[in-house]
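Undergrad:
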Amino acid sequence: MRLWIVMLVGVALVLGGCKTEQTESKEVSVETLQQRVSYSVGLDVARNFKENEFELDTDLILQGIKDAQNGAQPRMSEEQIASTMEEFQQHMMEQYQQRMARQSTENATKEADFLAENGKKEGVVTLDSGLQYKVVEAGSGASPTAENTVRVDYRGTLLDGTEFDSSYKRGEPAEFQVNRVIPGWTEALQLMKEGATWELYIPAKLAYGERGMGQVIAPNSMLIFEVKFHSIVDGEEAPAAATE
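According to the UniProt record's numbering, the residues represented by the sequence shown are 1 to 244, in order.
1. Return the residue from the list 231, 223 and 212 that minimises the CA-CA distance to residue 101.
2. Would you grab the beta carbon distance between residue 198 and residue 207 for me? Rounded to a whole angstrom, and I think it's under 8 Å.
3. Closest to residue 161 by C-alpha separation, out of 224, 44 and 31, would be which residue?
4. Taking 8 Å as the threshold, find out whether the segment 173-192 comes into contact with the segment 104-120 through three or more Cβ pairs.
5. Can you check DSSP and say which residues form a bridge with residue 223?
6. Could you name each continuous alpha helix (DSSP H) segment of 4 residues or more that falls completely within the segment 44-111, going from the start of the chain to the end?
7. Looking only at DSSP bridge pairs, what is residue 163 linked to?
8. Just curious, the beta strand (DSSP E) that residue 126 is in, first and last residue?
9. So residue 53 packs on residue 95, CB below 8 Å; how close in whole Å?
10. List, from N- to C-terminal side, the alpha helix (DSSP H) runs of 4 residues or more that fit wholly inside the segment 172-196.
11. Quick check on residue 152: buried or exposed, where buried means 16 or more other Cβ atoms within 10 Å of its Cβ?
12. Buried or exposed for residue 93, please, with buried defined as at least 16 other CB atoms from any protein chain shown within 10 angstroms of its CB.
13. Could you check which residue in 216, 210, 215 and 229 has the C-alpha nearest to that of residue 107?
14. With residue 215 as the anchor, note down where its beta strand (DSSP E) starts and where it stops.
15. Could you round the C-beta distance between residue 147 and residue 196 to whole angstroms and report it? I think they count as a contact, below 8 Å.
16. What whole-angstrom Cβ distance do residue 171 and residue 164 have, given they're in contact under 8 Å?
17. On the DSSP bridge list, what partners appear for residue 121?
18. Secondary structure at residue 143, three-state DSSP: helix, strand or coil?
19. Leaving out five residues on either side along the sequence, give the residues of the same chain with a beta carbon under 8 Å from the beta carbon of residue 130.
20. To the nearest angstrom, how far is it from the Cα of residue 173 to the Cα of residue 61?
21. Terminal residues of the continuous beta strand (DSSP E) containing residue 137?
22. Could you check what DSSP says for residue 150 in three-state terms: helix, strand or coil?
23. Tell me whether residue 231 sits in a helix, a strand or coil according to DSSP, three-state version.
24. Straight-line CA distance for residue 21 to residue 28?
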């Protein structure tokens with residue numbers, strides 16, 4: 001559905017582009033609802049086509065509009081149009097999959113390089129699973145089992161430093177069952193003691209792997225967490241960014 005909307009609005013943009021010479025010197029106002037919606041839609045469509053790396057033939061777009069407005073005989077049958085749009089959607093899906101594959105490969109390389117160097121740093125421990133951690137504060141309480149529910153504060157970032165989740169921003173610690181989160185968390189938490197603060201360096205295979213998580217975490221992204229383990233408690237609700 002979004003694809004069809006983008007195509008239709010793209011046509012409107014092309015029409016607007018025909019008047020560029022007449023309007024480019026005018027001051028653009030975005031005060032009324034119509035103006036704000038128009039600008040927002042235009043910006044969204046432009047970003048969409050740029051992201052998908054697909055260039056349209058503006059002459060043919062205009063010709064199609066003219067034929068429809070003038071009631072002229074379409075140059076393609078309805079069957080051809082439907083088939084073409086199906087082919088286009090398939091093409092866009094293949095392009096998307098190729099981009100994700102490239103990104104996945106790039107992220108895997110960045111992860112390997114980071115972990116190799118990070119593992120050499122003082123205080124960083126590398127486990128057999130590939131998980132790395134650094135003890136910031138040891139803690140002195142009990143360690144949880146996989147079935148225990150824990151209360152923690154955490155901040156999660158990507159390799160480039162982008163923060164994708166934080167209990168601190170929500171203003172309260174998270175509570176969840178240890179075996180109901182990503183494997184990297186499950187392994188690390190059982191090694192921590194109440195009161196401990198650790199930095200976790202979680203390989204993609206112990207996080208969201210090749211599938212990633214929506215638009216937030218790309219395929220094969222390793223994750224870095226600062227985790228403050230407060231206590232073992234009752235309850236089972238898991239934080240969205242740390243769940244499997």
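The beta-carbon is built from N, C-alpha and C at its ideal position, and this holds for glycine as well.
TA: The relevant details are as follows:
1. In the sequence shown, residue 101 corresponds to position 101, counting from 1. When only C-alpha atoms are compared, the closest one is 212.
2. Here the question's residue 198 lines up with position 198 in the sequence shown. Here the question's residue 207 lines up with position 207 in the sequence shown. About 16 Å; that fails the 8 Å criterion.
3. For the purposes of this step, residue 161 is taken as the residue at position 161 of the sequence shown. The closest CA to that of residue 161, considering only 224, 44 and 31, is found on 224.
4. no
5. Your numbering for residue 223 matches position 223 in the sequence shown. Paired residue(s): 202.
6. 58-70
7. In the sequence shown, residue 163 corresponds to position 163, counting from 1. Bridge partners of residue 163: 157.
8. Here residue 126 corresponds to residue number 126 of the sequence shown, with the count starting at 1. It spans 124-126 - the beta strand (DSSP E) in which residue 126 sits, taken as one unbroken run.
9. As a working note, residue 53 is residue 53 in the sequence shown. As a working note, residue 95 is residue 95 in the sequence shown. About 7 Å; that satisfies the 8 Å criterion.
10. Unbroken alpha helix (DSSP H) stretches of 4 residues or longer found wholly inside the segment 172-196: 183-189, given in chain order.
11. Walking along the sequence shown from the start, residue 152 turns up at place 152. The residue is buried, with at least 16 neighbouring Cβ atoms inside 10 Å.
12. Translated into the one-based positions of the sequence shown, residue 93 becomes position 93. That one is exposed.
13. Against the sequence shown, residue 107 aligns to sequence position 107. For residue 107, the nearest C-alpha among the options comes from 210.
14. The count along the sequence shown starts at 1 and reaches residue 215 at position 215. Counting along the chain, residue 215 falls outside any beta strand (DSSP E), and DSSP gives it neither H nor E.
15. For the purposes of this step, residue 147 is taken as residue 147 along the sequence shown, with counting starting at 1. For the purposes of this step, residue 196 is taken as residue 196 along the sequence shown, with counting starting at 1. About 19 Å separates the two Cβ atoms, so there is no contact after all.
16. Counted from its first residue, the sequence shown places residue 171 at position 171. Counted from its first residue, the sequence shown places residue 164 at position 164. For residue 171 against residue 164, the beta-carbon gap comes to about 17 Å, at or over 8 Å, which does not count as contact.
17. The count along the sequence shown starts at 1 and reaches residue 121 at position 121. None, per the DSSP bridge assignment.
18. For the purposes of this step, residue 143 is taken as the residue at position 143 of the sequence shown. Correct three-state label for residue 143: coil.
19. Here residue 130 refers to the residue found at position 130 of the sequence shown. If we look at residue 130 and ignore the five residues flanking it on each side, its Cβ neighbours are 115, 203, 205 and 206.
20. For the purposes of this step, residue 173 is identified with residue 173 of the sequence shown, where counting begins at 1. For the purposes of this step, residue 61 is identified with residue 61 of the sequence shown, where counting begins at 1. When rounded, the distance between both Cα atoms is 54 Å.
21. Here residue 137 refers to the residue found at position 137 when the sequence shown is read from its first residue. Here the beta strand (DSSP E) through residue 137 covers 132-137.
22. Start at 1 with the first residue of the sequence shown, and residue 150 comes out as number 150. Correct three-state label for residue 150: strand.
23. Numbered from its first residue, the sequence shown carries residue 231 at position 231. DSSP places residue 231 in strand when its eight states are reduced to three.
24. Here the question's residue 21 lines up with position 21 in the sequence shown. Here the question's residue 28 lines up with position 28 in the sequence shown. The pLDDT assigned to residue 21 is 44, lower than 50, so where the model puts this residue is not dependable, and the model offers no usable value.
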